[in-house]
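Beneath this line is the structure, given in structure tokens, with notes to follow.
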Amino acid sequence: MIITRTPFRISFVGGGSDLPAFYRQHGGAVLSTTIDKYMYISSHDYFEPGEIRTKYSKTETVGAVADLQHPILRTIMQKLGVHEGLEVSSIADVPAGTGMGSSSSFTVGTLHNLMARQNRLAEVDKAWLGHTACQVELEDLGEPIGKQDQYAAAYGGLNIIRFLPNDEVEVQALALSHPLQGDFCQHLKLYYLGNQRSASAILAEQSQKSSEADKVAALKTMVSFVDPFAASLIAGNWSDLGAHLHENWKLKQSLASGISNPRIQEAYEAGLAAGAWGGKLLGAGGGGFMLFLAPPSAHAALDAAMNDCRPFPFQLDTEGSKVIFNG
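Dropping the structure here:
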């Protein structure tokens, strides 16, 4: 059996600039971190040598890879030349459609697992995982999504990820001291609003509108927040970080119609009134998790203001996708 563990991510500023329709014209950048919530992929020999069994939100047992309904599993197995006699299962700490990049963590983790199964780990590094996961999701499957989630899951840690017009991706790690990293995490609060959704429809609309002048201006401004956010983070200027988050969220809502709604906006305004410096909805929008940056002294008031939403404690992850069992 082989088990891989691949983290989920939180994106702070610049999200949306990783869509090809934007970065191929203007370049893009995001600042994100992975957290200690994971996608686990396990694979082992299946009892029936002429069949494949997959277990995710449903169970499939088929006689050939081409018959699999799960598009990512089918595409990866075909890409890597995986044959029958295999069982692949996934377990996640966070459900799909909640804004933490779960589908890309699934893609990265599955690639990592099946390459380990083929004894091909010498060919695998973080850049390969990020690049190949993007190939699977954007090129092979034609998903209208961006490229930040795949690289975040592959690399792990706190990074600036830059998307160049020539389709190259640069990952710049931000190394924080352990005390500063702990202090940063103590200022972050995460709440689950519910309402799982598919990001594809929102991102498709955003991609279609990414050439409109006002959308281009908004995304360029969001990209311009990345380096100041990094500087404020390294300096421990928490209120400045909150201000950047707030401005980024205001701009993000203008990119597509489904990003926010009255419930999301009500929750956000309640968080600000309780003392948060800023925040944002994670992922493409529409539901999922709301992130706030707030002084620890305001956390009790924030919990009270968000009493109909579930608090979701977390720590930062620094490792990225890894094989945690091979035997």
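Okay, so the sequence shown: first residue is 42 according to my numbering, each after it adds one. The C-beta atom is built at its ideal place from N, Cα and C for all residues, glycine as well.
- Taking C-beta atoms under 8 Å as the contact rule, Val-149 and Leu-170 qualify, at a distance of about 5 Å.
- Of the residues Arg-94, Glu-89 and Phe-63, the one whose Cα lies closest to the Cα of Val-264 is Phe-63.
- Within the model, the alpha-carbon separation for Asp-181 versus Arg-115 is close to 11 Å.
- In the DSSP assignment, Phe-330 falls within the beta strand (DSSP E) that extends over 329 to 334.
- Three or more pairs of CB atoms, one per stretch, sit closer than 8 Å, so the segment 214 to 230 contacts the segment 274 to 283.
- Between the alpha carbons of Leu-323 and Ile-82 lies a distance of about 24 Å.
- Under the DSSP assignment, His-85 falls in the beta strand (DSSP E) whose first and last residues are 69 to 86.
- Annotation for Ala-105: Ile-93 and Glu-125 place their beta carbon closer than 8 Å to its own, counting only its chain and skipping 5 residues before and after.
- Tyr-309 and Pro-269 have their C-alpha atoms roughly 23 Å apart.
- Between Ser-73 and Gln-119, the alpha-carbon positions lie close to 31 Å from each other.
- A direct Cα-Cα distance of roughly 29 Å separates Met-80 from Gly-283.
- Pro-352 carries a strand assignment under DSSP once its states are collapsed to helix, strand and coil.
- Here Leu-274 carries a helix assignment [DSSP, helix/strand/coil].
- Looking at Gly-140, Gln-191 and Leu-127, the one whose alpha-carbon comes closest to that of Glu-89 is Leu-127.
- Each residue's CA atom was taken as its position, placing Arg-304 and Ala-314 some 15 Å apart.
- With a threshold of 16 other beta carbon atoms within 10 Å, Leu-260 meets it and is buried.
- DSSP links Val-212 through a beta bridge to Ile-202.
- When the beta-carbon positions are compared, Gly-361 and Gly-91 stay at least 8 Å from each other.
- As a beta-bridge residue in DSSP terms, Ala-133 pairs with Met-80.
- Beta-bridge annotation (DSSP): Val-54 is paired with Leu-72.
- Excluding its 5 nearest sequence neighbours in each direction, Thr-139 has C-beta neighbours in its own chain below 8 Å: Tyr-233, Gln-237, Leu-323, Gly-324, Gly-328, Gly-329 and Phe-330, listed in chain order.
- Here DSSP, grouped into helix, strand and coil, assigns Asp-268 to helix.
- Shown here for Asp-86: same chain residues with a beta carbon closer than 8 Å to its own, the five before and five after excluded, namely Gly-126, Leu-127 and Glu-128 in chain order.
- Inter-residue distance for Gly-319 and Gly-55 is about 15 Å (C-alpha atoms, whole angstroms).
- For Arg-304, the enclosing alpha helix (DSSP H) begins and ends at 303 to 314.
- The Cβ atoms of Leu-199 and Leu-217 lie closer than 8 Å to each other.
- With 16 or more other CB atoms across the displayed protein chains lying within 10 angstroms of its CB, Asp-190 is buried.
- Following the DSSP letters along the chain, one finds Asn-367 inside the beta strand (DSSP E) bounded by residues 363 to 367.
- Rounded to whole angstroms, the gap between the alpha carbons of Pro-352 and Glu-307 is 17 Å.
- Using a Cβ distance threshold of 8 Å, Lys-78 and Phe-49 count as a contacting pair.
- Nearest to Thr-359 by C-alpha distance, out of Asp-344, Ile-51, Thr-75 and Met-156, is Thr-75.
- Distance from the Cα of Ser-58 is smallest, within the candidate group Trp-290, Pro-336 and Phe-204, for Phe-204.
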